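K.L.:
Dumping the structure here so I can ask a few things about it.
Residue numbers (this note's numbering): 227 to 527.
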């Protein structure tokens, strides 16, 4: 087994995820059986060189899987905190390539009209077209070959964790950048409460296949000879406060486990959520730790 980012063979096995439990959780959420994607138990691993955490095998969702999630209003949101951070580094004259753009919501907050989105979802392209936003159904690896050194800024928000080949994905993003251009990546943060969440299936395959810490994000700069400008952590957002508190309460009573359907764990999960809904009003902003996402900004040398 090799790390999908740095190809190191020094891999630590952290946990084994039962395929039946995982597919049952996704069926409960979507009413669709995705056992054809989750055909074997998954090994949850950590690379001892770059500290990337990943699942083996790296199974990713297909069009049916993502259409099932896109029906939820919360899946494609028009406002993200990472957008606010990213626009600090984008000028009115910049050309921007948005990799894994979804329906192109980022284009609405940019100071520039020079925008192209890439997304493999045909449904996302159709949603974007209704609003006059250009989305291409191209892989970044193919697009970078066609348009090398063409963009001032390349961004990917909540995308890298979905990718089964992160090394070629990052390399292609850099290839599409002009010299001195900026690469901006936002991912769910392993330096946050997400690391301790139980039954958080959307942070597991076939949705998310890798997990990124600050150590791994710093390794990217070293591996690809980039200048690391900034690593920015948002704080726990309003929408996630109950989730954060419930996770904190559970950690006092339960051993950390990615997936567990045991009755006693269900009871504690439900009680911790009820308590957190009551207690959340007493949570002060200065008490909040790192939130869901981290945004990192690199410069191509």
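Positions of the beta carbon are idealized from the N, C-alpha and C atoms, including for glycine.
Computed from a prediction, not measured in an experiment: that's the story for all the values here.
Keeping to the same chain, check which residues put their C-beta closer than 7 angstroms to that of residue 501; ignore five residues upstream and five downstream.
P.N.:
475
K.L.:
In whole angstroms, give me the CA-to-CA distance for residue 344 and residue 490.
P.N.:
Approximately 44 angstroms between the Cα atoms of the pair.
K.L.:
Sorted by chain position, which residues of the same chain lie with C-beta nearer than 6 angstroms to residue 389's C-beta, five sequence neighbours on each side aside?
P.N.:
395
K.L.:
When DSSP labels each residue in this structure, what does residue 509 get in the three-state scheme?
P.N.:
In the structure shown, the three-state DSSP call for residue 509 is coil.
K.L.:
Tell me the residue span of the alpha helix (DSSP H) that contains residue 293.
P.N.:
Where residue 293 is concerned, the enclosing alpha helix (DSSP H) starts and stops at 289-296.
K.L.:
Can you look up residue 236 in the DSSP assignment and give me helix, strand or coil?
P.N.:
coil
K.L.:
Rounded to a whole number of angstroms, what is the C-alpha to C-alpha distance between residue 336 and residue 377?
P.N.:
15 angstroms
K.L.:
Between residue 333 and residue 366, how many whole angstroms is the CB-CB distance? I'm expecting something under 8 angstroms.
P.N.:
Actually they do not touch by this definition, with Cβ atoms about 17 angstroms apart.
K.L.:
With a Cβ-Cβ cutoff of 8 angstroms, do residue 417 and residue 520 count as a contact?
P.N.:
yes
K.L.:
Can you tell me whether residue 378 is helix, strand or coil according to DSSP?
P.N.:
Taken through DSSP and simplified to helix, strand or coil, residue 378 comes out as strand.
K.L.:
Using the three-state DSSP reduction, which class does residue 301 fall into: helix, strand or coil?
P.N.:
coil
K.L.:
Take the Cβ of residue 493 as the centre, count every other Cβ of all protein chains shown within 10 Å, and call the residue buried at 16 or more, exposed below.
P.N.:
If you draw a 10 Å sphere on the C-beta of residue 493, you find fewer than 16 other C-beta atoms in it, and that means exposed.
K.L.:
Which same chain residues, not among the five before or five after residue 375, have their C-beta less than 6 angstroms away from its C-beta?
P.N.:
404
K.L.:
Is residue 270 near residue 235, with beta carbons less than 8 angstroms apart?
P.N.:
no
K.L.:
Please go through the same chain and pick out, in chain order, the residues whose beta-carbon is closer than 6 angstroms to the beta-carbon of residue 249, but skip the five residues on each side of it.
P.N.:
260, 261 and 264
K.L.:
Which class does residue 409 belong to by DSSP, given the choice of helix, strand or coil?
P.N.:
strand
K.L.:
Work out the CA separation of residue 391 and residue 461 for me, nearest whole Å.
P.N.:
29 angstroms
K.L.:
Beta-carbon separation of residue 449 and residue 273 under 8 angstroms?
P.N.:
no
K.L.:
Return yes when the Cβ of residue 420 is within less than 8 angstroms of the Cβ of residue 527, no when it is not.
P.N.:
no
K.L.:
Give a yes or no on whether the C-beta atoms belonging to residue 387 and residue 414 are separated by under 8 angstroms.
P.N.:
In this structure, residue 414 lies closer than 8 angstroms to residue 387 by Cβ.
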